[in-house]
Structure formats: structure tokens, C-alpha cells
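Chemist:
There are 2 protein chains.
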Amino acid sequence: MRFVNRHLCLKTILLTTLLASPLVSLEAQAPAPPPRTHQTVNPDRSVTFRYIDATAVKVELSLENTQLPIPMTRDANGLWSVTTPPLEPALYGYSFLADGQPRIDPYNIETGGNVYFSARSLIEVPGDGPQPWDLTDVPHGEVTSHRYTTRIALGLRANQSEYVVYTPPGYDPAAKKSYPVLYLLHGWSEMAPGWVVEGKANYILDNLIAEGKAKPMIVVMPLGYGDTAFLKDYALWGNDEAIEHNLSLYTSALLNEVIPRIESEYRVSKDRDGRAIAGLSMGGLEALSIGLHHTDKFAYVAGFSAAVHRPAFIKSLPVLTPKATNLKVLWVACGTGDGLIEPNRKLAAYLKSQGMPVTAIETPGLHTWPVWRDNLVHFAPLLFQSK
Amino acid sequence: MRFVNRHLCLKTILLTTLLASPLVSLEAQAPAPPPRTHQTVNPDRSVTFRYIDATAVKVELSLENTQLPIPMTRDANGLWSVTTPPLEPALYGYSFLADGQPRIDPYNIETGGNVYFSARSLIEVPGDGPQPWDLTDVPHGEVTSHRYTTRIALGLRANQSEYVVYTPPGYDPAAKKSYPVLYLLHGWSEMAPGWVVEGKANYILDNLIAEGKAKPMIVVMPLGYGDTAFLKDYALWGNDEAIEHNLSLYTSALLNEVIPRIESEYRVSKDRDGRAIAGLSMGGLEALSIGLHHTDKFAYVAGFSAAVHRPAFIKSLPVLTPKATNLKVLWVACGTGDGLIEPNRKLAAYLKSQGMPVTAIETPGLHTWPVWRDNLVHFAPLLFQSK
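Chains as they are written, first to last, in my numbering: chain A, 1 to 387; chain B, 1001 to 1387.
See below:
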């Protein structure tokens, strides 16, 4: 691939092109496209999924918010298909399992990245009219990715970390107006853009702001690992020391690197009443831990299906009183089909026992994005209303 | 997925959680992860690729910049593998073909989106020291995605179009300094973020600027379709009318929507000497067409493997003289193994016959990203040097 900077002597160069047809040439190295499959959302909101594999013995559909893989049926040509029952309007992740091996839909560019688990494709089951997570014709905020050199988080290539920032429509960096800020943390196995790519947090905020339901705010979505070694094995979720190590470094990176950078780069409120922290799963653990240890910095704290399953978590909390913490919202939510429901119930009960004004929320659903989008849709309107 | 806002009465709710183990619960709906495959870059820069498919009759590796699919060999357990010859340092797209069906690597989150062709996974073959497209510990620019309502481009959901903007390190919207601007267009079947996700244009600019090789500049990467109906069938590349329709609407959208928005939102130069336009494949056709028809607006024009295969293209150009156009750089480049090499040679010869100072570049390679990254690495330093 070394670059050869030679001006052409056109008349003397007669390299044979391997494929002469301009039609073929645009993707000369690609084979002829095979038959293309597509997924169909039917009028009753059932979805017909299709996947081609002529030799697999068994193909299943793995569908977000459905507990078990759904068997698919093969036709004579090796096209596997299944039609789901009617689904609630939502954006669903899906993949196929061919003899147990994960396969992504090759013809769907809407995918969610996932470092440890295999990636998923995304399909939308529309509702009656626009849904809160839809891209609609309303004024849009902007989404900016920042890379920076971390001195705290471990295991990143060239020590480069990332945070993604949503600024609301009309945000003007040259104006004097400042905005409240929500730190919104992703889950384990995801990267910094997760809340945009899968969570659609930017569209959710665009739509809530357009409807006057949420205050215009800045949303900061930072990479959520103190040490990416924590990503190497799912079994580390059974290792208290590994969890603590990751959380402790992450807390430091957020408080000492990300927040100061945001406050110098954006016109954000610098007092606690203009600052919120929320997260999902691992990010819920981080948000609850950081938020409850630093109520001088955050007036709004939320966990969405937070990974608070260790008994040590409640013990790790500081003494909490409503007066000393002065939290405006303390949100502890989980899907009722999520294996983390009981730890979240226990946490909510504990916080209530301390007299804390918990908003404890249960919604139908598993440990999945439809639950977390829904959480953001209902949590964001509670923020910064007294500012 | 309707949201149920009910505060918990913890002692009365006894829903059984389906999976009680907190370890399992974090991805309760996912099956136990199957054996994970990985790709290995060997010390000699050969790459060993692996893919599991116990039943496929034939599995091949589709590797970017390699003309034909590479056969893989099956072991007794259904693990297919192949080791390539040593490769030039570059970032390569790859996918697997199982009995002709495209399969993405399920365990690689680095993927390139592609609307019509199947997606690809990306793997890096490192060189000696950092390469121009690497994420390195230098000051980074920011990458911002903007959505807006188009009144010109057709076929977009809710008429929402997009442009992605790179601002160089140190860019301060509140300062008075203005920057030159490069409009950088993607290829057919890609979307607006393509030059970032696959092209690594932001890292390329970061590295060139850090080394003092390129002037700090703003790079605008807009969605490149006048009518997304043009995306429906690859055969439309044989239809002059469809090509013209898409190009004509796109020209209007870029000149009348994107550029005015950029000039109101960013501190960019508003004269031709501070404006460049370049693109790859379809984007090369667009950049050459728009640039050569509007030399009052652009002083730098470039096509990377431009889709200029129609004889009508040269005929469509205005009369071009060096004096009237006053272009500072006119770059026409193509890979020598690309089926578009001959049309690009013809175009370069025609432009030279008009006395135009063409920089005609040929490099080894096919119609692929390693060629286009390399083009940007060598084209960007030529820009705005006289400003």
C-alpha cells in the first residue's frame, strides 16, 4: 500500500484491468451479490425474520426482550424464517443463531456494537405515529465525539479515551447561556457511542425538548471503564475485587478528567442542581455509586437496571439522609423480567429505610434496550425542572 | 413496552425472576456464549482468520484489496481458517462467505456500514510505528454529527439528512480565527459517517496536523445522495438518467443546504481559496462534477477512484482553461487494479489536453479503502498551503 506518487504517462501505461465492465468494477473485488434477505414488519406489528443457510441443522432467532431463542423453519432452498407474535412498538436488537453460532443480518446497517457479546442488528416496530426514540422532523441537537489522553483509565490504546456529547438544538458555544448537564453511562461490553447508536438518546432528547417535556440539557456519554481488562471475561462480574478496581478508577476518571474537560469546553452549569448522573447496568452501578458518594456534585441520580447484585454494594454506600444528600430525584428502575430485579428491589428498600425519597420503577422487560430507552424517556423530564 | 410508573410496594411484590443468578442475569436473554473466534496478526504481518461453521460445504475469506475470495480450510470441529501471505500495513475490511452467503465476524465491533453490500469487519495490520490512520496520542479534533431537514434530497426518513464535521485540535467557535474547509464525500452504499468509521479521516487529519504536514482545516462529510432511490439497485450505475438525477439533486443539496449551514455554524473561510472538494467513487464523481462546474467556489478538486465511467461525464464538463478555473490542485487518482482505472486515465488525459494542471496518481490497489485512506494522506497536505 506504499504510495507511489508518479504522474501518469498515459500513452505508455497499458496495465490490463482485471474487470473491464464499469458496472462490475465499482466493487471489483466483491463476488456477485447473493440473494438478499430482508426482514418485514407486518401490519399487525409481528415481524417476519429471514436468514439464508443451506446447511445449518438448526437456526434460531435471538430477539431482544424475548427470553429464549425462537426456532426458525427452513424451506427447500435453505431460507429460514419465522414470524413473531405482534410486538410492542420499540426498536429491537436481533441476531441469528446457526447451530449455536451468532450471525448478524448481513443486509442491515443498523447494528449495535458490543465488545464481548456478538453484535446485533436493529429493527424498528413502529407505533401509531412517531415514537420517542424516532428520528423526526424536529430541531436536532448535535452529537460530538471527543478523544483525549487519559492519565487514569487503564488498558486503552495509546491511552486514548472518549466521550460523546449531545448539545440541544440552539446550543451556541459563543452565547452566555449555560445548560444543565446529564452524565449518561453505558453498560458493560458497550463503548462510548452506545447511548447514541443503540439508545437513541439524542433523538429522545430532541423529541422531548421539542414537545416541551424536557429542559434543554447537555448529555455527556463517556467511555465507562476504569480498566478495560474488566472487559475480558464476563465471569469478572463474580469478582468483587475486579468490580471495585474498575469502579474506583472509573470514578476518578469521570470526576477528575471528564467533568473538568466538559466544564471548560461547554457552557454547562457548574453547580450540583444543574448536574445529573444516570446509567444502565454497569453504568447504573457507576452512576449510583458516584452519585450517592458525591451528592455535593449531583442533585439527580439514577440507575437503570443497575448491576448492584453484590451484597457489598449497599455496605459500600455512605450514610444517606434526605437532608444531607438533598437529592431532587433518586431513580432506581429495573425490568421485571431482568435477573437484576431483586437486587434493585433490595437497594430501593434499603434507600427507603434510610428515609431517602426513592423513585422505584418497575416496567415489563428484560435486561434490554427497550427498557433503558423507556427509562430515559421518563427520567429526562424530571431533570432540572426547578432551575 | 408501555411505561408503568408505579412505586414499589416491595413487600407485596413477589414476581419470580426467571434467572436468579446475578452473573447470568446481566444478559439474561442471551444464550451461553459459544466458543469465541479471533483473528491473529502474525509477526510477519500475515493474518490468520478463523470462522466457525460446522455444516457449511465451503467457506471463503473476502479480504479487502484482494481480488478473489480466499478458500478456508475446515478442521474436525467445524473451525475454518486460513493464513494470508504477509500484507502491507493497512486497515483491511473482511467478511466470510459461507456457501456464498456473506457473514460478518460476530466478535469484532470494528465494522464498516454498507447499505447495499453486506457490512465488513475491520482488522489492522500494523506497520513499524504508528501509521497515518492510527489513533495515537496526539491532540485530537472533534467529530460532530448534524441532522437537518432537507428540502432538496429525496427519499430520506422524515426528510432528515446528515453531515459529519471534523474540527481540528484547538478549534474554538468563540475565537475570530477562521479555517479552510474540505468537503469530503463518501462512496455509493455508504452513509455520512463513512469517512470516519472506515476512512479514519479524523485520525489522518489529527496525525498530519500534529506532524505539521497539513494545515489545520475543517472537514465536512455530508450524506451523499440526491435521491436515496439511487441506492436500491447496483444496476442503476448503468442508467445515465438515474446517475444524472442523483447528481443533480445532490449538487443542489450540497451548494444550497450544506455549505450555507456550515458557513453559519462554523468559522470557515468563505472564499474559494479556502475551500476544497474531494470524494471517493460516487463521491469522486460528485466532487469532480461539482468542483469543475463551480471553480468560483472551490480552488481544490479531487476524485479518488471516481465513478467517471460514463462517456457522458467528460462531455458534461464545462470548458476548462487553467486561467479561468485557476485551480490550485486538481487531483485524479485511482488504484491500478480498480476497474475504474481506464476511465480515470481517460479523464486525466482529457483534462491535460485542455492544458489543465492535473495531478494524476496511480497506486497499487483495488476499489478499496486502503487506496482512499492513502489518497487522503497524500492529498490533504497539498491543501491551503498558500493561505
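By construction, the Cβ of each residue, glycine as well, lies at the ideal position given by its N, Cα and C atoms.
With DSSP as the reference, label residue 1148 of chain B as helix, strand or coil.
Modeler: Residue 1148 of chain B sits at position 148 when you count from the first residue of the second sequence. Strand, per DSSP.
Chemist: By Cβ distance, which residues of its chain are closer than 7 Å to residue 1287 of chain B, with the 5 residues on each side in sequence left out?
Modeler: Working through the second sequence from its first residue, we reach residue 1287 of chain B at position 287. Same-chain partners within the cutoff: 1185, 1277, 1278, 1279, 1301, 1302 and 1303.
Chemist: Looking only at DSSP bridge pairs, what is residue 1103 of chain B linked to?
Modeler: Reading the second sequence from its first residue, position 103 is the one you call residue 1103 of chain B. Partner(s): B:1096.
Chemist: Output needed for residue 189 of chain A: all residues of its chain with C-beta closer than 6 Å, excluding positions within five of it in sequence on either side, in chain order.
Modeler: Locating residue 189 of chain A in the first sequence gives position 189, where the first residue counts as 1. Correct list, in chain order: 114, 115, 116 and 117.
Chemist: If you reduce the DSSP assignment to three classes, tell me which class residue 370 of chain A lands in.
Modeler: Here residue 370 of chain A is taken as the residue at index 370 of the first sequence, counted from 1. Helix.
Chemist: List the DSSP bridge partners of residue 1234 of chain B.
Modeler: What you label residue 1234 of chain B is simply residue 234 of the second sequence in a count that begins at 1. Partner(s): none; residue 1234 of chain B has no beta bridge.
Chemist: Excluding sequence positions up to five away, which residues of its chain have a Cβ less than 7 Å from the Cβ of residue 1152 of chain B?
Modeler: Position 152 of the second sequence holds residue 1152 of chain B. These residues qualify, in order along the chain: 1249, 1252, 1253, 1256 and 1257.
Chemist: Considering only the beta carbon of each residue, do residue 218 of chain A and residue 179 of chain A sit closer than 8 Å?
Modeler: Taking the first sequence and counting its residues from 1, one reaches residue 218 of chain A at position 218. Taking the first sequence and counting its residues from 1, one reaches residue 179 of chain A at position 179. Closer than 8 Å, so yes.
Chemist: Name the DSSP beta bridge partners of residue 111 of chain A, please?
Modeler: By 1-based counting over the first sequence, the position of residue 111 of chain A is 111. Its beta-bridge partners are A:121.
Chemist: Rounded to whole angstroms, what is the Cα-Cα separation between residue 1377 of chain B and residue 138 of chain A?
Modeler: For this step, residue 1377 of chain B is matched to residue 377 along the second sequence. For this step, residue 138 of chain A is matched to residue 138 along the first sequence. Cα-Cα distance, rounded: 38 Å.
Chemist: With a CB to CB cut of under 7 Å and the five nearest residues on each side skipped, what residues in its chain are close to residue 366 of chain A?
Modeler: To locate residue 366 of chain A, count along the first sequence from 1; it is residue 366. The answer, listed in chain order, is 65, 67, 335, 337 and 338.
Chemist: Given that residue 1145 of chain B touches chain A, what residues does it touch there, using C-beta distances under 8 Å?
Modeler: Numbered from 1 along the second sequence, position 145 holds the residue referred to as residue 1145 of chain B. Going along chain A in sequence order, the residues near residue 1145 of chain B (Cβ under 8 Å) are 142, 143 and 144.
Chemist: Could you tell me how far apart the beta carbons of residue 1112 of chain B and residue 1097 of chain B are, in whole angstroms, since I believe they sit closer than 8 Å?
Modeler: Position 112 of the second sequence, counted from the first residue, corresponds to residue 1112 of chain B. Position 97 of the second sequence, counted from the first residue, corresponds to residue 1097 of chain B. Actually they do not touch by this definition, with Cβ atoms about 17 Å apart.
Chemist: What span of residues does the alpha helix (DSSP H) with residue 347 of chain A cover, start to end?
Modeler: The count along the first sequence starts at 1 and reaches residue 347 of chain A at position 347. Per DSSP, residue 347 of chain A belongs to the alpha helix (DSSP H) from 341-353.
Chemist: Count the other CB atoms within 10 Å of the CB of residue 1040 of chain B; is the residue buried (16 or more) or exposed (fewer)?
Modeler: Counting from 1 along the second sequence, the entry for residue 1040 of chain B is found at position 40. So residue 1040 of chain B counts as exposed.
Chemist: Is there at least one Cβ from chain B nearer than 8 Å to residue 157 of chain A's Cβ?
Modeler: The residue labelled residue 157 of chain A in the question sits at position 157 within the first sequence. Yes - at least one Cβ of chain B is within 8 Å of the one on residue 157 of chain A.
Chemist: Starting from residue 1051 of chain B, trace the beta strand (DSSP E) in both directions and tell me its first and last residue.
Modeler: Position 51 of the second sequence holds residue 1051 of chain B. Looking at the DSSP string, the run of the beta strand (DSSP E) that includes residue 1051 of chain B is 1047-1052.
Chemist: Would a check of beta-carbon distances place residue 1229 of chain B closer than 8 Å to chain A?
Modeler: Stepping through the second sequence from its first residue, residue 1229 of chain B is reached at position 229. No - not a single Cβ of chain A is within 8 Å of the one on residue 1229 of chain B.
Chemist: Quick one: what's got a C-beta closer than 7 Å to residue 1317 of chain B's C-beta in the same chain, skipping five residues either side?
Modeler: Along the second sequence, read from residue 1 onward, the residue named residue 1317 of chain B stands at position 317. Cβ neighbours of residue 1317 of chain B beyond the five flanking positions: 1292.
Chemist: Is the beta carbon of residue 1327 of chain B less than 8 Å from the beta carbon of residue 1308 of chain B?
Modeler: What you label residue 1327 of chain B is simply residue 327 of the second sequence in a count that begins at 1. What you label residue 1308 of chain B is simply residue 308 of the second sequence in a count that begins at 1. Taking 8 Å as the Cβ cut-off, residue 1327 of chain B and residue 1308 of chain B do not qualify as a contacting pair.
Chemist: Secondary structure at residue 1221 of chain B, three-state DSSP: helix, strand or coil?
Modeler: Here residue 1221 of chain B corresponds to residue number 221 of the second sequence, with the count starting at 1. Note: residue 1221 of chain B maps to strand in three-state DSSP.
Chemist: Taking DSSP as the reference, what is the three-state secondary structure of residue 1190 of chain B?
Modeler: Position 190 of the second sequence, counted from the first residue, corresponds to residue 1190 of chain B. Coil, per DSSP.
Chemist: Leaving out five residues on either side along the sequence, give the residues of the same chain with a beta carbon under 8 Å from the beta carbon of residue 419 of chain A.
Modeler: This structure cannot speak to residue 419 of chain A, because chain A is shown only from 1 to 387.
Chemist: Residue 1160 of chain B versus chain A: which residues are under 7 Å apart at the beta carbon?
Modeler: The count along the second sequence starts at 1 and reaches residue 1160 of chain B at position 160. Those within 7 Å of residue 1160 of chain B in chain A are 135 and 137.
Chemist: If we define contact as Cβ-Cβ less than 8 Å, is residue 1104 of chain B a contact residue for chain A?
Modeler: By one-based count along the second sequence, residue 1104 of chain B stands at place 104. It does: the Cβ of residue 1104 of chain B has a partner Cβ on chain A nearer than 8 Å.
Chemist: According to DSSP, residue 279 of chain A sits in a beta bridge with which residue or residues?
Modeler: Translated into the one-based positions of the first sequence, residue 279 of chain A becomes position 279. Bridge partners of residue 279 of chain A: A:185 and A:303.
Chemist: Any idea what DSSP makes of residue 381 of chain A, helix, strand or coil?
Modeler: The sequence position of residue 381 of chain A within the first sequence is 381, counting from 1. Residue state, collapsed to three classes: helix.
Chemist: Does any C-beta atom of chain A lie closer than 8 Å to the C-beta of residue 1107 of chain B?
Modeler: Locating residue 1107 of chain B in the second sequence gives position 107, counting from the first residue. Residue 1107 of chain B counts as touching chain A.
Chemist: Under three-state DSSP, which class holds residue 171 of chain A?
Modeler: Here the question's residue 171 of chain A lines up with position 171 in the first sequence. Residue 171 of chain A falls in the coil class under three-state DSSP.
Chemist: Taking a cut of 8 Å between CB atoms, which residues from the stretch 1044-1057 of chain B lie near chain A?
Modeler: Against chain A - using a Cβ distance shorter than 8 Å - the residues of the stretch 1044-1057 of chain B are 1052, 1053, 1054, 1055, 1056 and 1057.
Chemist: If we ignore side chains and look at the alpha-carbon of each, how far apart do residue 80 of chain A and residue 349 of chain A end up?
Modeler: Here the question's residue 80 of chain A lines up with position 80 in the first sequence. Here the question's residue 349 of chain A lines up with position 349 in the first sequence. Roughly 47 Å between the two C-alpha positions.
Chemist: Can you find a CB in chain A that lies within less than 8 Å of the CB of residue 1094 of chain B?
Modeler: Within the second sequence, the letter at position 94 stands for residue 1094 of chain B. No, residue 1094 of chain B lies away from the interface with chain A (no Cβ there is under 8 Å from its Cβ).
Chemist: Go through its chain and collect everything with a Cβ distance to residue 1360 of chain B's Cβ below 6 Å, but skip five positions before and after it.
Modeler: Locating residue 1360 of chain B in the second sequence gives position 360, counting from the first residue. For residue 1360 of chain B, where only same-chain residues beyond five positions count, the Cβ hits under 6 Å are 1332 and 1348.
Chemist: Determine the contact status of residue 104 of chain A and residue 1106 of chain B, defining contact as a CB-CB distance below 8 Å.
Modeler: Here residue 104 of chain A is taken as the residue at index 104 of the first sequence, counted from 1. Here residue 1106 of chain B is taken as the residue at index 106 of the second sequence, counted from 1. Yes, they are a contact pair.
Chemist: By the DSSP assignment, the beta strand (DSSP E) with residue 1063 of chain B in it spans what residues?
Modeler: One-based indexing of the second sequence puts residue 1063 of chain B at position 63. Taken as a continuous stretch (DSSP letters only), the beta strand (DSSP E) holding residue 1063 of chain B covers 1059-1063.
Chemist: Are the C-beta atoms of residue 1415 of chain B and some chain A residue less than 8 Å apart?
Modeler: Chain B is shown only over 1001 to 1387; residue 1415 of chain B falls outside these bounds and no answer can be derived.
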